[in-house]
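Sequence order for the protein chains is X and F. FYI, in my numbering the residues of the first sequence are 49 to 367. FYI, in my numbering the residues of the second sequence are 114 to 473. Cβ atoms here follow ideal geometry from the backbone N, Cα and C, with glycine treated the same way.
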Amino acid sequence: MTDQDVSTKTAVALDAEGLSLKSVSLWQITWRRFFRRKSALVGLGILAVLVFIAITAPWIAPYDPYKPLIGIEKVQRREKPCIHLLGCPKDRPQHIMGIDGNVRDQFSRLLYGARLSLVIGISTVSFAIVIGTILGAIGGYFGGWVDNVIMRIMDVLLAFPSLLLAITIVTVLGPGLINALIAISIVSIPAYARVVRASVLSVREMDYVAASRALGGSDGHIIFKRILPNALTPLIVQGTLGIATAILEAAALSFLGLGAQPPTPEWGSMLGAERNQVFTAPHLVFYPGFAIMLTVLSFNLLGDGLRDALDPRLAHVSG
Amino acid sequence: MLIQYIIRRFFSAIPVLFGILLVTFTLARVIPGDPCRAILGEKATQEVCDRFIREKGLDKPIPVQFWVYLNEIARGDFGQSFRYGMPVARLLVERLPTTVELSLTALLISMVVGIPLGILSAVKHNSWIDVVTMIWANIGVSMPVFWLGLMLMYVFSLALKDTPFWLPPSGRLSAGMSADPFYIVWGWSLPETGLRFAIAQFLSRLNLLNALLTANWALLKDALTHLILPSVALGTIPMALIARITRSSMLEVLGQDYIRTARAKGLPYLKIVFKHAFRNSLLPLVTVIGLSLGSLLGGAVLTETIFGLSGVGRTLYDAITARDYGIVQAFTVVIAIFFVILNLIVDISYAYLDPRIRLD
């Protein structure tokens, strides 16, 4: 049974007894449905922790993420983790995730990495959403050859496997974090353009849009105030899941040495720098990858939760 | 009807193919640095470069250059690689089989594991199997391929050393393992040039196929053990996606009236699940498999880099770092065209599975 059914039934029952039911808005229903899903809450929980870490990194990180500990502490390159609670001698400095190849505290670098990953994910997707929305809205609203040209370009972009296209774009622009972000944004534009175009097409011919036009509304007014709000829910879902993909792709580019450059504490590049040490210092490979996985997982769970909450059609399927 | 649909779908792929060629053509011309030294190497002298530019027609107007480029591609001429000093087309015949073998094995693993898991968790909805599968599937889609690959390598090549579960960390074959091409074993005498030789060479470099064709079981075993880790790493994301989509589309179908009718008629439950429900939930599955192919090809770059396999992905990556633009351009075109053809096949199988689509 869906929420709608429940609330109408209760309302009827209450009416019969002379009572009235407080009306519930769509957003309230959505939030309730969202909070009922355990997996979505797990995603939200992980994300909250990550945001907390990202904001407070300078205060909670025990060491400087950039400065080698040479001459400061007696530690070796790529030393294994030393955790006092787990029996590491108290007279040795505590490094819960060990020391990296440049004698820096891995844990501190990992904490700072949360900042970059979140910024990367959110900024690329925001950029892609803005461009994708404009293109999709123009194509869907005006139709004809404009639509045709825009969508064919999107088809061509989609014809390349996304990571390969991103790699090629970075090659042209030159390696670096900013260029990697631009590449990932460009690669993800088609998804948003398609979502927006589909929403625009579904409401373009509706009476209320015609009414708005009859009242003398300009094209811009109709597109932004009357049509685009309909695209909001699919965009939120697509965007949240898109952040997960963007973080994975940025990490992959950095891993290949095309994205963030050392000594930036970016998880993908930290992992890439130490990948040949997987047999001798597995902790340097394990932790950054695990951090990427957790971050991506949180956005995936959140996105799935939002989709189920925002789309009542799916509510009964995913239970 | 189906034939008509295939023809129509085929023609609609032409603008996309044209676009791909236009994009790669443009990319090669906006790449920083002068094209001659990018292709012939930094040490090329001015004289050599002048001749090169004349020979390549780089002094002609851009539209003419594009036309020449289209003609070259149509003839299968992908230019020269300065690093390897051989035609890019030959390099492709050499490197593509590694990637094809890896991607197909990964896809096979992901389907063989993902589909049954998805069906099982739909049939046993909300049971512990369902919960565990879904938790695992969520983690699976969130894992970076390169991290998973390295972790698998650590576990199976180091931690499980000296056990029967040990697997080799890199390469396609053990050192000293020779793989005689099937056409030599069969005593074919092929001219060293031409399409037939290229095809035979391509097929013989698919180690598993070649081992089967020559009945070389030691080679088959060796190639298989080398293939397991990379294909599991590469196949995990599609596997998780396939499990999820199979589950949700099975759940949707299992909830419908005709399934209830079938159960009321007293049909065996397994027959209902496979004959009535699974066939109708195939459509979303085909879509997801089609979409996974893109991530497989992209993931191949990462997997091949980690496991030291010289396939298309690895070669492309090396070419990018070495600025061998001939290879970059050609390989990107080939991969994109390959991808378009795969999508075409997916769309056609879609129309085959659901007759309504042909009328659209």
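Contact note: residue 211 of chain F does not reach chain X at a C-beta cutoff of 7 Å; the least C-beta distance is about 16 Å. Between residue 212 of chain X and residue 448 of chain F, the gap from beta carbon to beta carbon is short of 8 Å.
Not flagged as an interface residue toward chain X: residue 290 of chain F, since no C-beta distance is shorter than 8 Å. Counting C-beta pairs with one atom in each stretch, the segment 200-209 of chain F and the segment 160-168 of chain F have fewer than three that are closer than 8 Å, which means they do not touch. Out of F:303, F:370, F:194, F:214, the CA that lies nearest to the CA of residue 431 of chain F is found in F:194. At least 8 Å separates the beta-carbon of residue 422 of chain F from that of residue 139 of chain F. Secondary structure of residue 309 of chain X (DSSP, three-state): coil.
Contacts with chain F at 8 Å (Cβ-Cβ) include residue 203 of chain X. Between residue 290 of chain X and residue 236 of chain X, the gap from beta carbon to beta carbon is short of 8 Å. Taking C-beta atoms under 8 Å as the contact rule, residue 313 of chain X and residue 157 of chain X qualify, at a distance of about 4 Å. Leaving aside the five residues that flank residue 298 of chain F on each side, the residues in its chain whose CB is nearer than 6 Å to its CB run, in chain order, 327. Of all residues in the segment 340-356 of chain F, none places a beta-carbon less than 7 Å from a beta-carbon of chain X.
Cβ proximity to chain F below 9 Å picks out 330, 333, 334, 336, 337, 338, 340, 341, 342, 343, 344, 345, 346, 347, 348, 349, 352 from the segment 328-360 of chain X. Separation of the CB atoms of residue 209 of chain X and residue 410 of chain F is rounded to 4 Å, and the pair is thereby assigned contact status at 8 Å. Checking the DSSP bridge columns, you'll see residue 199 of chain F partnered with F:194. Counting along the chain, residue 283 of chain X sits inside the alpha helix (DSSP H) bounded by residues 280-303. Among the residues of the segment 302-329 of chain X, those with a Cβ less than 7 Å away from any Cβ of chain F are 303, 304, 319, 323, 326, 327, in the order of the chain. Only residues of its own chain outside the window of five on either side were considered, and among them 130 have a CB closer than 6 Å to the CB of residue 136 of chain X, listed in chain order.
Residue 255 of chain X has no beta-bridge partner at all, per DSSP. Within the DSSP secondary-structure output, residue 153 of chain X pairs in a beta bridge with X:147. The residue among F:118, F:174, F:186 with its C-alpha nearest the C-alpha of residue 134 of chain F is F:186. Cα atoms of residue 250 of chain X and residue 251 of chain F: separation of roughly 32 Å, rounded to the nearest angstrom. Scanning the segment 336-402 of chain F from its first residue to its last, the whole alpha helix (DSSP H) runs of 4-plus residues come out as 370-377. With contact defined as three or more Cβ pairs closer than 8 Å, the segment 333-344 of chain X and the segment 252-261 of chain F are in contact. Separation of residue 350 of chain X and residue 417 of chain F (C-alpha to C-alpha, rounded to the nearest whole angstrom) is 32 Å.
Contact annotation, residue 239 of chain X with residue 301 of chain X: C-beta distance approximately 18 Å; criterion of less than 8 Å not satisfied. Residue 347 of chain F is not a Cβ neighbour of residue 266 of chain F, given a cutoff of 8 Å. Closest option to residue 467 of chain F, judged by alpha-carbon separation, among F:333, F:332, F:311, F:399: F:399.
Listed along the chain, the chain X residues whose CB falls inside 7 Å of the CB of residue 410 of chain F are 209, 212.
For residue 198 of chain X, the enclosing alpha helix (DSSP H) stretches over residues 192-206.
The three-state reading of DSSP puts residue 162 of chain F in helix, counting H, G and I together. Scanning its chain for C-beta atoms nearer than 8 Å, with the 5 sequence neighbours on each side dropped, one finds around residue 236 of chain F the residues 363, 367, 386, in chain order. With respect to the 8 Å criterion, residue 177 of chain X and residue 346 of chain X are not classified as neighbours on the basis of their beta carbons. Shown here, residue 130 of chain X sits in a strand according to DSSP, grouped into three states. A buried status is given to residue 230 of chain F, since no fewer than 16 other beta-carbon atoms sit within 10 Å of its beta-carbon.
Closest in alpha carbon position to residue 374 of chain F, among F:389, F:196, F:316, is F:389.
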